[in-house]
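Novice: Residue numbers (this note's numbering), protein chains in the order written: chain D, 1 to 251; chain U, 252 to 462. We put the CB at the ideal spot given by N, CA and C, even for glycine.
1. Considering residue 99/D, what are the terminal residues of the alpha helix (DSSP H) in which it resides?
2. Excluding five sequence neighbours on each side, which residues of the same chain lie with their C-beta closer than 8 Å to the C-beta of residue 318/U?
3. Which value, in whole angstroms, describes the spacing of the CA atoms of residue 146/D and residue 362/U?
4. To the nearest angstrom, report how far apart residue 98/D and residue 34/D are at their CA atoms.
5. Locate the alpha helix (DSSP H) running through residue 326/U, then write down its first and last residues.
6. What residue ranges within the stretch 325-393 of chain U form continuous alpha helix (DSSP H) runs of no fewer than 4 residues, ordered along the chain?
7. DSSP three-state label for residue 306/U, please.
8. Which residue comes first and which comes last in the alpha helix (DSSP H) that contains residue 217/D?
9. Does DSSP classify residue 77/D as helix, strand or coil?
10. Could you tell me the alpha carbon to alpha carbon distance between residue 441/U and residue 374/U, rounded to whole angstroms?
11. Is residue 235/D close to chain U, meaning its C-beta is less than 8 Å from at least one C-beta of that chain?
12. Check whether the Cβ of residue 251/D lies closer than 8 Å to any Cβ atom in chain U.
13. Quick check on residue 221/D - is its C-beta less than 8 Å from some C-beta in chain U?
14. When the cut-off is 8 Å and only beta carbons count, does residue 339/U lie next to chain D?
15. With a floor of 4 residues, list each alpha helix (DSSP H) that falls wholly inside the stretch 11-72 of chain D, ordered by position along the chain.
16. Anything in chain U within Cβ reach of residue 227/D, meaning under 9 Å, just list it in chain order.
17. Below 8 Å between beta carbons: does that hold for residue 142/D and residue 223/D?
18. Quick one: is residue 280/U near chain D, going by C-beta distance under 8 Å?
19. Ordered along the chain, which non-local residues of its own chain (more than five positions away) have a Cβ less than 6 Å from that of residue 472/U?
20. Residues of chain U with a CB under 8 Å from the CB of residue 268/D: which are they?
21. Below 8 Å on the Cβ atoms is my contact criterion, and I expect residue 214/D with residue 123/D to pass it. Report the Cβ-Cβ distance as a whole number of Å.
22. By a C-beta neighbour count over all protein chains shown, 10 Å radius and 16 as the cutoff for buried, is residue 158/D buried or exposed?
23. Thinking C-beta only, is residue 337/U closer than 8 Å to residue 205/D?
24. Got a sec? Which residues, its chain only, sit under 6 Å from residue 121/D by beta carbon, not counting five neighbours each side?
25. Run through chain A and tell me which residues come within less than 7 Å of residue 452/U, C-beta to C-beta.
26. Measure the beta-carbon distance from residue 199/D to residue 31/D and round it to whole angstroms, keeping in mind my assumption that it falls under 8 Å.
27. Check whether the Cβ of residue 199/D lies closer than 8 Å to any Cβ atom in chain U.
28. Using a Cβ cut-off of 8 Å (strictly closer), state whether residue 206/D contacts chain U.
29. Which residues in chain U have a C-beta closer than 8 Å to the C-beta of residue 241/D? List them in chain order.
30. Since residue 271/U and residue 345/U are thought to touch, with beta carbons under 8 Å apart, how far apart are those beta carbons, to the nearest angstrom?
31. Can you find the residues in the same chain that come closer than 8 Å, C-beta to C-beta, to residue 236/D, ignoring five residues on each side of it along the sequence?
32. If you measure from the beta carbon of residue 308/U to each beta carbon in chain D, is any gap under 8 Å?
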């Protein structure tokens with residue numbers, strides 16, 4: 001399936017969870033299975049650029065380790081990661097990753113995984129540390145995972161800066177192309193879990209804001225002018241926010 | 252390019268006229284230096300060409316515009332500086348810019364939009380200086396911004412569907428794009444006034460999400 005054909009409506013906005021347990025089950029489902037998708041994406045990236053194969057394998061292994069840690073922490077706290085919910089959220093992302101891989105587009109994968117997906121993970125893991133003590137053992141693994149996600153983002157930022165050195169317009173075109181589906185997908189998931197985040201003591205709005213600001217900042221670091229970066233990210237988030245506010249179908 | 256504005260353009264004129272007239276009234280009452288001759292000229296032209304509410308009230312934007320105007324009628328200098336000088340002038344600037352560059356709108360509308368954009372730009376510059384001296388910068392300004400502007404920002408959401416339906420195709424003005432442009436303009440301006448961008452983005456996300 002091409003990105004253009006990707007279903008804009010693969011699932012409905014879920015009914016807010018009945019209780020905190022369901023919220024954490026769904027959030028942890030997205031964390032565990034999202035990390036597994038991230039591992040696969042880095043692995044596919046390694047296939048496209050042999051010169052980075054070793055590093056991408058290392059990143060993939062780290063992401064796989066995160067999934068394993070999160071699964072263990074879930075088990076220790078009576079949390080059942082909700083695979084069905086995660087599958088609904090991740091199918092659209094997997095389609096995008098497959099399309100970019102089939103097109104041999106390493107740079108698009110770098111933006112989707114290294115910037116958009118990682119921005120979402122960072123925007124959630126970081127504040128989660130402040131409430132993680134209610135789930136013994138979770139704080140340590142999320143802290144470690146956060147550090148490693150930042151490490152991945154650091155490499156991707158350096159790669160993209162060099163790749164598009166003196167080519168800011170070309171990078172803006174790439175980001176614009178990837179963002180349409182990428183933000184619809186990942187930003188859509190952020191909107192769909194906003195209420196679950198609030199239910200476990202975080203602010204869904206703060207997480208969404210941190211993701212927007214974090215991703216905007218990354219585009220700037222590669223060379224996109226501040227206003228263009230903000231417009232590009234916020235402009236794509238706004239329809240999702242509007243749908244969230246009005247209880248409309250998100251993706 | 253047609254010479255005279257059509258019905259959709261006149262509806263836009265009426266909306267802009269009502270918002271600009273409120274801004275001018277607020278400036279005249281508490282910040283007379285912002286009631287510039289350019290602003291007065293734009294308001295006069297808007298109200299003369301689109302003098303009544305009949306079309307607006309019959310449209311899906313009638314009620315949301317009434318609510319926005321009520322929320323924007325801040326009581327004092329600080330509220331006026333923030334609501335009008337920081338928020339609504341920027342929103343107007345973006346709409347004027349889009350209209351002035353649109354190939355299919357009338358010559359009259361494009362010309363008015365250019366004048367409107369210039370008037371907004373000069374008020375924004377003066378308001379920014381005034382904000383620095385009167386309200387301050389940094390966290391203090393952030394608190395004042397939230398207190399004054401949240402009611403207006405919350406009501407912008409109510410315009411979304413109507414704007415998309417009435418002006419999306421016609422003027423290439425979709426709500427998401429306007430808010431995206433608005434936020435992109437607002438963020439660096441606030442950062443220059445010492446407000447943390449991360450804090451502001453999180454706050455705006457909360458306001459627009461209705462949280």
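Specialist: On the basis of the coordinates in this document:
1. Position 99 of the first chain, counted from the start, is the residue given in the question as residue 99/D. Where residue 99/D is concerned, the enclosing alpha helix (DSSP H) stretches over 83-102.
2. Taking the first residue of the second chain as position 1, residue 318/U is located at position 67. Cβ within range, chain order: 406, 409.
3. For the purposes of this step, residue 146/D is identified with residue 146 of the first chain, where counting begins at 1. For the purposes of this step, residue 362/U is identified with residue 111 of the second chain, where counting begins at 1. The straight-line gap from Cα to Cα measures roughly 53 Å.
4. The count along the first chain starts at 1 and reaches residue 98/D at position 98. The count along the first chain starts at 1 and reaches residue 34/D at position 34. Spanning the two alpha carbons is a distance of roughly 15 Å.
5. If you number the second chain from 1, residue 326/U lands on position 75. Neither: residue 326/U is in no alpha helix (DSSP H) and is coded neither H nor E.
6. 328-331, 340-352, 358-385
7. Within the second chain, numbered from 1, the residue matching residue 306/U stands at position 55. Of the three classes helix, strand and coil, the one that applies to residue 306/U here is helix, per DSSP.
8. For the purposes of this step, residue 217/D is identified with residue 217 of the first chain, where counting begins at 1. First-last of the alpha helix (DSSP H) with residue 217/D: 204-222.
9. As a position in the first chain, residue 77/D is number 77, starting the count at 1. If DSSP states are grouped into helix, strand and coil, residue 77/D belongs with coil.
10. Sequence index remark: in the second chain, residue 441/U carries index 190 (1-based). Sequence index remark: in the second chain, residue 374/U carries index 123 (1-based). Each residue's alpha carbon lies about 16 Å from the other.
11. What you label residue 235/D is simply residue 235 of the first chain in a count that begins at 1. It does: the Cβ of residue 235/D has a partner Cβ on chain U nearer than 8 Å.
12. As a first step, residue 251/D must be located in the first chain, where it is residue number 251. No, residue 251/D does not count as interfacial toward chain U.
13. On the first chain, residue 221/D is found 221 positions in, with the first residue counted as 1. Residue 221/D does not count as touching chain U.
14. Residue numbering aside, residue 339/U sits at position 88 when the second chain is read from its first letter. With 8 Å as the cut-off, residue 339/U does not count as an interface residue toward chain D.
15. 20-48
16. Position 227 of the first chain, counting from 1, holds the residue named residue 227/D. Neighbours of residue 227/D on chain U, chain order: 432, 435, 436, 438, 439.
17. For the purposes of this step, residue 142/D is taken as the residue at position 142 of the first chain. For the purposes of this step, residue 223/D is taken as the residue at position 223 of the first chain. Contact flag unset, no.
18. The residue you call residue 280/U lines up with position 29 of the second chain. Not one chain D Cβ lies under 8 Å of residue 280/U.
19. Residue coverage of chain U in this structure runs from 252 to 462, which leaves residue 472/U outside it and unanswerable.
20. This structure leaves residue 268/D out entirely; chain D is present only between 1 and 251.
21. Locating residue 214/D in the first chain gives position 214, counting from the first residue. Locating residue 123/D in the first chain gives position 123, counting from the first residue. About 6 Å separates the two Cβ atoms, so the contact holds.
22. Taking the first residue of the first chain as position 1, residue 158/D is located at position 158. Exposed is the call here.
23. Along the first chain, read from residue 1 onward, the residue named residue 205/D stands at position 205. Along the second chain, read from residue 1 onward, the residue named residue 337/U stands at position 86. It is not a contact, given that the beta carbons lie outside the stated cut-off.
24. For the purposes of this step, residue 121/D is identified with residue 121 of the first chain, where counting begins at 1. Within the same chain, residue 121/D has close Cβ partners 149.
25. Structure shown: chain A not included; protein chains present are D and U.
26. Stepping through the first chain from its first residue, residue 199/D is reached at position 199. Stepping through the first chain from its first residue, residue 31/D is reached at position 31. With 8 Å as the limit, residue 199/D and residue 31/D do not qualify as a contact, their Cβ atoms being about 15 Å apart.
27. By one-based count along the first chain, residue 199/D stands at place 199. No, residue 199/D lies away from the interface with chain U (no Cβ there is under 8 Å from its Cβ).
28. The count along the first chain starts at 1 and reaches residue 206/D at position 206. Output row for residue 206/D: interface = yes.
29. Start at 1 with the first residue of the first chain, and residue 241/D comes out as number 241. Near residue 241/D (Cβ distances below 8 Å), the residues of chain U are 456, 459, 460.
30. Numbered from 1 along the second chain, position 20 holds the residue referred to as residue 271/U. Numbered from 1 along the second chain, position 94 holds the residue referred to as residue 345/U. In fact, because the Cβ distance is near 14 Å, the residues do not count as touching under 8 Å.
31. Taking the first chain and counting its residues from 1, one reaches residue 236/D at position 236. Within the same chain, residue 236/D has close Cβ partners 179, 180, 183, 184, 187.
32. As a working note, residue 308/U is residue 57 in the second chain. Closer than 8 Å: no.
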